[in-house]
Each structure stands twice: as C-alpha cells, then as structure tokens.
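Participant:
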Amino acid sequence: MRDRRSFLASTSGSLAGLMFCGCGLLHARQAAAQTTAPPKPAAPAVRRSRVKTIDTHTHCYFQEALDLLGPEGAKAALPPVKGQAEHFDSIDKRLASMDAQGVDMQVLSINPFWYGRDPDLARAITKVNNEKLAELCARKKDRFAAFASLPLQNTELSVQMLEEAVKKQGLVGAAIGGSLQGEDFSAARFHPIWAKAQELGAVLFIHPQSTPELGKRFKGNGWLSNVIGNPLDTTIALNKLIFEGTLDKFPGLKVLAAHGGGYFGSYAPRSDHSCFVAPANCDPSIVLKKKPTEYLSQLWFDSLVFTDEGIRHLVAEVGADRVVIGSDSPIPWNEQPVKLIRDAKTLTPQQKDAILGHNAARLFGFHA
C-alpha cells in the first residue's frame, strides 16, 4: 500500500471521469448530452459567514465506477428529478454553485449501489470510488472532503479499505446505507468495521436507501419510497444501533445521520418507554447503559429538515452542538442550506456558527 504522501504525489491524473450528481445514479449518456446545454443564470451569492461553512451531505459519482456495471449501469438510474441537468456540472460549476450558496466546503459521498453485487465487483467499484474521491480532495482540499465507499459484503476487506481510506487516502470516514440489504448494522459480523472506525476516529455517514420491505405500500403518487422510506430507514438503523447495544459497545463511534436523523430526532421519547410498556419484546440480556434518548448526544444529525420550525425542533431534541449542515446537493431538496441556518429565528449567533461549520470542524478534525 502507498502512504499518504506518495498517494497525493500521484494525483496529477485526469478527473475527467467525475460526474456530480445526487442520491442515485443517472445515465451516462445524459452527462454527455448536458455538456452543450446553456448555463443557468447564477443564483445571487449568499452573504459570507465569518465561520467556514461545511456541507456534510453532498453527492457525486464516477463514470469509471459505473462502467464496471457494464450495460446494467443505466438500470440503477434515478427517476427524473428537478435539477437533473445540473447533476453533471463541471467542477468549476460545482464550485460556483457552492459559492452562490455560501458553502466553503462540501463533504462528498457516493450512495452504495454495490451492496447487492458480486463481492469482487463491489470491491472493484469501491476501489475506484475511493481513489477518485481521494484524487479530487487532494487537488481541492480547501473545498472538498469525502467519505469512502466500503464493500460491506466483505467485513475483512471493509476494515482494510477503511484504514487505507483514512490513513493513506485522506478520506474522513465512510458512507454507508441504513442496512446491508435488510441486514442491520448492529449484527455482530459488522462489529470489526465499527471497531476500526472507532479506532481511526472515522465518521460513519448513514444515508438511507428507502425501506424496500415496504415497497408495495410505497407505490403510487408522491415518491413515498423516498420521502417516507428514506427517513424511516435511518430511524430503524439508529434504533437498532441503540437497542442492540452497538453504541454501548463502541461509545467512541462517530455516526452522522442524514435527513436530520429521519424520524428518530422527532419521536425519540417513545423509545424510552418501549421496554417498560412491553418488557416481553425486550431482550433481558441486553441492558442499555442509558435511556435511548440519551444516545442522541452520542450521534450527529444533518440539517436537512427544510424549515425554521424543523431546525428549532431538531436542536431542541438533540442539541445545537450535534447538528451540521446537510443539503443533499445537487438534488435541490434545500438549495440554500446556509441561509436556512443563518435566518433561523430561534437560534443564537453562537448556535448558528456551530451548525454552519464549527460542529463539522470538530466532528471531522478540520481546522475551523
């Protein structure tokens, strides 16, 4: 394995394979089609904050990784979504968009599309992802950081790749789903990965992939597989890590939950009553060290909750010191993530600065 210095010295290769897109895959031919599209008028620039603003929830994909799927690549495509043309902007356009939003740094991640693949293929895909992410971040280290991709089908390999990603490639942790195709991350076979993440101080970014077990009920109008399935997937994942004792076993584990932690941040107190109301549904061999709601201060949550009231409630439940910016860029769920926090009527100036960047700097070990 190369060390970090030799890796960074080798990053003079092309980044032509980079495609910025969000929360899924888009057909590669669409990328080429967009290269001749006229640019959109620039949005008014957001007034700069005195704190370095860090958006922890942004996405990209690499054509080299998609090509490994062969003709299947297009089958994993997103449904048509607003802003699709912007998913394939050049790096310069991405930086211009960040500047317009008042975002100083983005932490990039790639949603796992390899969990159901052959282990060797998953290994190849994640290897390409991590090398390309590291190359990009090395070139623009003042603007980009990134989460590694892990082939969680293979525990031993995931441990090795996580260590290489953090120690040699300069990545800040790993992006994972809410489960491995329904296998919860509280399962013992994943413990070596969480142990390594805790040892490295690596952040695990939980980004849901809907809740496919409810696929039949999600059918119909409203894209419920996303707007309900995604936050539900995160809610289940966090509760499993708590109730199965995983967070007790790994108390130093850094877990960042997308979309404000799903529904857990809004309805966590119900979990405090579960084993009192229904002791038959709780395993007497698992004795939690504290109430479920008290684990909220052990977790991190992004700010993708859309409204001033949503931010107020999230902060009231988890604390302003556990919230970081998250936009899901370039999908336009929240096109002004900095403005949402800066304009929040219920936050103090100190809380705003914390959410805008100080919390993320502390989480990732960045210089504030």
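Note that full-length UniProt numbering has the sequence shown beginning at 1, numbered continuously upward. Each residue gets a CB set at the ideal place from its N, CA and C atoms; glycine is no exception.
(1) Compute the Euclidean distance between the alpha carbons of Cys137 and Phe144, then round it to the nearest angstrom.
(2) To the nearest angstrom, report how far apart Leu8 and Gly220 are at their CA atoms.
(3) On the criterion of 16 or more Cβ atoms from any shown chain inside 10 Å, does Pro337 qualify as buried, or is it exposed?
(4) Measure the C-alpha to C-alpha separation of Leu25 and Tyr61 and round it to an integer number of angstroms.
(5) For the beta strand (DSSP E) containing Asp302, name the first residue and the last one.
(6) Considering Cα atoms alone, identify which of Leu347, Ala344, Asn359 and Pro330 is closest to Lys93.
(7) Find out if the Cβ-Cβ distance for the pair His59, Ile110 is shorter than 8 Å.
(8) With 16 other CB atoms within 10 Å as the buried threshold, where does Gln209 fall?
(9) Counting only runs of 3+ residues fully inside the region 227 to 260, write out the beta strand (DSSP E) ranges in chain order.
(10) Roughly how many whole angstroms lie between the Cα atoms of Thr235 and Gly262?
(11) According to the Cβ coordinates, are Gly260 and Leu200 closer than 8 Å?
(12) Ser186 by DSSP, collapsed to three states: which one?
(13) Does Pro292 pass the burial test, meaning 16 or more other C-beta atoms within 10 Å, or should it be called exposed?
(14) On the three-pair Cβ rule with 8 Å, is the region 273 to 290 touching the region 338 to 346?
(15) Can you check DSSP and say which residues form a bridge with Phe276?
(16) Measure the C-alpha to C-alpha separation of Glu64 and Leu288 and round it to an integer number of angstroms.
(17) Which same chain residues, not among the five before or five after Val255, have their C-beta less than 6 Å away from its C-beta?
(18) Mapping the DSSP letters down to three states, classify Thr58 as helix, strand or coil.
(19) Once the 5 residues before and after Pro41 are set aside, which same chain residues still bring their CB inside 7 Å of it?
(20) Using a Cβ distance threshold of 8 Å, determine whether the region 346 to 361 contacts the region 310 to 321, with at least three qualifying pairs required.
(21) When the distance is taken between beta carbons, is Asp302 closer than 8 Å to Gly326?
(22) Distance check for Ser297 and His367, CA to CA, integer angstroms please.
(23) Which of the three DSSP states, helix, strand or coil, is assigned to Val305?
(24) What is the DSSP secondary structure of Ile206, counted as helix, strand or coil?
(25) By alpha-carbon positions, which one of Phe243, Glu163 and Ser179 ends up nearest to Val172?
(26) Does the beta-carbon of Asn281 have 16 or more other beta-carbons within 10 angstroms, so that it is buried, or is it exposed?
(27) Please go through the same chain and pick out, in chain order, the residues whose beta-carbon is closer than 8 Å to the beta-carbon of Val324, but skip the five residues on each side of it.
(28) Across which residues does DSSP place Ser109 in a beta bridge pair?
(29) Distance check for Gly70 and Arg270, CA to CA, integer angstroms please.
(30) Determine the DSSP secondary structure at Gly70, reduced to helix, strand or coil.
(31) Give the C-beta separation of Glu244 and Ser179 to the nearest angstrom, bearing in mind that I take them to be a contact with Cβ-Cβ under 8 Å.
(32) Take Leu152 as the anchor and find which of Ala188, Lys140, Ala122 and Pro284 has the nearest alpha-carbon.
(33) Leaving out five residues on either side along the sequence, give the residues of the same chain with a beta carbon under 6 Å from the beta carbon of Ala148.
(34) Near Ile176, what residues of its chain come up, given a Cβ to Cβ distance below 8 Å and the 5 sequence neighbours on each side ignored?
(35) How many Å lie between Ser158 and Asn239 at the Cα?
(36) Tell me the rounded alpha-carbon separation between Ile242 and Asn334.
Facilitator: The relevant details are as follows:
(1) Cys137 and Phe144: Cα-Cα distance of roughly 5 Å.
(2) Residue confidence is low: Leu8 scores 43 on pLDDT, short of 50, so the model does not pin down where it sits. No coordinate-derived value is stated.
(3) Label assigned to Pro337: buried.
(4) Only weak support exists for where Leu25 lies, its pLDDT of 34 falling under 50; the value from the coordinates is given anyway. The C-alpha of Tyr61 is placed about 7 Å away from the C-alpha of Leu25.
(5) Note, Asp302: beta strand (DSSP E), Trp300 to Asp302.
(6) Comparing alpha-carbon positions, the option among Leu347, Ala344, Asn359 and Pro330 lying closest to Lys93 turns out to be Pro330.
(7) Ile110 is positioned such that its CB atom lies closer than 8 Å to that of His59.
(8) Buried is the call here.
(9) Runs found: 254 to 257.
(10) Roughly 5 Å between the two C-alpha positions.
(11) Contact flag unset, no.
(12) DSSP places Ser186 in coil when its eight states are reduced to three.
(13) By the neighbour-count definition (other C-beta atoms within 10 Å, threshold 16), Pro292 is a buried residue.
(14) Using a C-beta cut-off of 8 Å, the region 273 to 290 makes no contact with the region 338 to 346, since fewer than three inter-stretch Cβ pairs fall below that distance.
(15) In the DSSP output, where bridge partners are listed per residue, Phe276 has none listed.
(16) Our two residues, Glu64 and Leu288, have alpha carbons roughly 44 Å apart in a direct line.
(17) Contacts found: Leu204 and Leu299.
(18) The answer is strand: DSSP assigns Thr58 an E or B state.
(19) For Pro41, the predicted structure reports a pLDDT of 45, less than 50, and the residue's modelled location is therefore unreliable. The matter cannot be settled from this model.
(20) The region 346 to 361 is in contact with the region 310 to 321.
(21) Taking 8 Å as the Cβ cut-off, Gly326 and Asp302 qualify as a contacting pair.
(22) Straight-line Cα distance between these residues: approximately 23 Å.
(23) The answer is coil: DSSP assigns Val305 none of H, G, I, E or B.
(24) Ile206 falls in the strand class under three-state DSSP.
(25) Comparing Cα positions, the closest option is Glu163.
(26) Result: exposed.
(27) Only Ile54, Thr56, Leu256, Trp300, Phe301, Asp302, Ser303, Ile355, Asn359, Ala360 and Leu363 meet the Cβ criterion.
(28) In the DSSP assignment, Ser109 is bridged to His59.
(29) Rounded to the nearest angstrom, the two C-alpha atoms are 46 Å apart.
(30) Helix at Gly70.
(31) Approximately 12 Å separates the beta-carbon atoms of Glu244 and Ser179; this is outside 8 Å, ruling out the contact.
(32) Per the Cα distances, Ala122.
(33) Short of 6 Å from the beta carbon of Ala148, and not among the five residues preceding or following it, lie these beta carbons of its own chain, in chain order: Asn130, Ala165, Leu171 and Ala174.
(34) Cβ-Cβ distances below 8 Å link Ile176 to Pro112, Leu150, Leu152, Phe185, Leu204, Phe205, Ile206 and His207 in the same chain, with the five nearest sequence neighbours on each side left out; the list follows chain order.
(35) Each residue's Cα considered, the two are about 23 Å apart.
(36) Taking the straight line from one Cα to the other gives about 29 Å.
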